[in-house]
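**Student:** This is the structure, below, for whatever I ask next.
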Ligand code: BTN
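In my numbering, the protein residues as written are 31 to 297.
Have a look at this one:
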């Protein structure tokens, strides 16, 4: 059995979000899909939905999100990953940069060694540790945001067919488990979202640069742009120094990849 710290999370967050609730499910297709379904059916209260297992986890750009691990780990009370979504009505002055603000809050809550790969992937030592998927539903006058986060807690038991190698939080926090990680990230995340809603991304730019995995690195974008990453602007657009000048990448449909440093070859 997994011992979630649901009550402590509720006590920390409910003063910030009245009518907030915490819900833990043993299994669901996807916490994001479920909160989007609920929002479209008119359930618009703020909620933290945690799933111990997702059967159809989704990632950005139509990808799937697999939690790794196996049933043995789950039965033993040690989940291989943390998967949750935070749903809440949101009225920011400007939505640009929300995903960066969320990623920044997650890394700052967990460990100084974690970095961000624009727009919001969490990496550790050039491997992916966590992913974030933000979706919104317009229901009447309300825009409901669903912020889904998946964090690898333990090393994967399987051999993943992923383009990027996975990292796990236990590499930097040896005794961490999914409930502890959830308790670390939730209240700061709610605070960060509230602050973003009133102040936008601008005040977070310096903190983002301090965690920016791409800064100064050569990169390739899925739309063909190549160049050297130069950080982000005040609305969170990625700045790329190309042969044709400085380009701003705003589209979340574009994926970027650092060019691996050449390995020394032996004669
Ligand atoms: C990505 O890296 O492409 C984003 C991955 C987001 C995964 C999380 S796990 C909880 C929530 N439910 C989902 O189906 N996806 C997000």
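Glycine residues also receive a C-beta, built at the ideal position from the N, C-alpha and C atoms.
1. So, residue 261 versus residue 272, is the Cβ gap smaller than 8 Å?
2. Assuming residue 34 contacts residue 212 under a Cβ cut-off of 8 Å, what Cβ separation, rounded to an integer in Å, is found between them?
3. Which stretch, first to last residue, makes up the beta strand (DSSP E) that contains residue 271?
4. Specify, as a first and last residue, the run of the alpha helix (DSSP H) that residue 340 falls within.
5. The alpha helix (DSSP H) spanning residue 182 covers which residue range?
6. Of the choices 240, 281, 264, whose alpha-carbon is the least far from that of residue 251?
7. Taking only runs that begin and end inside the segment 227 to 280, name each unbroken alpha helix (DSSP H) of 4 or more residues, in chain order.
8. Is residue 139 near the ligand BTN, with its Cβ less than 7 Å from a heavy atom?
9. Could you give the first and the last residue of the continuous alpha helix (DSSP H) run that contains residue 72?
10. Using three-state DSSP, classify residue 117 as helix, strand or coil.
11. From the DSSP output, read off the bridge partner residues of residue 287.
12. Would you tell me roughly how many angstroms separate the C-alpha atoms of residue 122 and residue 47, rounded to the nearest one?
13. Does the Cβ of residue 124 have 16 or more other Cβ atoms within 10 Å, making it buried, or fewer, making it exposed?
14. So, under 8 Å CB-CB, residue 147 and residue 276 are touching, yes? Tell me the CB distance rounded to an integer number of Å.
15. DSSP on residue 92, reduced to helix/strand/coil?
16. Which of the three DSSP states, helix, strand or coil, is assigned to residue 142?
17. Quick one: residues in its chain with C-beta nearer than 6 Å to the C-beta of residue 172, no 5 flanking neighbours on either side, listed in chain order?
18. For residue 221, which of helix, strand or coil comes out of DSSP?
19. Within the chosen definition, does the segment 48 to 58 reach the segment 225 to 242 through at least 3 CB pairs nearer than 8 Å?
20. Mind the definition here: the segment 221 to 235 touches the segment 191 to 206 only if three or more C-beta pairs lie below 8 Å; say whether that holds.
21. Going by other Cβ atoms of all chains shown within 10 Å of its Cβ, with 16 needed for buried, is residue 91 buried or exposed?
22. Tell me where the beta strand (DSSP E) around residue 169 begins and ends.
23. In terms of alpha-carbon separation, which member of 49, 45, 54, 41 lies closest to residue 208?
**Tutor:** Quick look at the numbers:
1. no
2. 7 Å
3. Taken as a continuous stretch (DSSP letters only), the beta strand (DSSP E) holding residue 271 covers 268 to 272.
4. The first residue shown for the chain is 31 and the last is 297, placing residue 340 beyond what the model contains.
5. Looking at the DSSP string, residue 182 is not in any alpha helix (DSSP H); the run it does join, the beta strand (DSSP E), is 172 to 182.
6. Of the candidates 240, 281, 264, the one whose C-alpha sits nearest the C-alpha of residue 251 is 281.
7. 235 to 240
8. no
9. Note, residue 72: premise wrong, no alpha helix (DSSP H); not H, not E.
10. DSSP places residue 117 in strand when its eight states are reduced to three.
11. 250
12. 15 Å
13. Exposed, because fewer than 16 other Cβ atoms sit within 10 Å of the Cβ of residue 124.
14. With 8 Å as the limit, residue 147 and residue 276 do not qualify as a contact, their Cβ atoms being about 20 Å apart.
15. In this structure, residue 92 counts as helix in the three-state DSSP scheme.
16. coil
17. Leaving aside the five residues that flank residue 172 on each side, the residues in its chain whose CB is nearer than 6 Å to its CB run, in chain order, 74, 119.
18. helix
19. no
20. no
21. exposed
22. 157 to 169
23. 54
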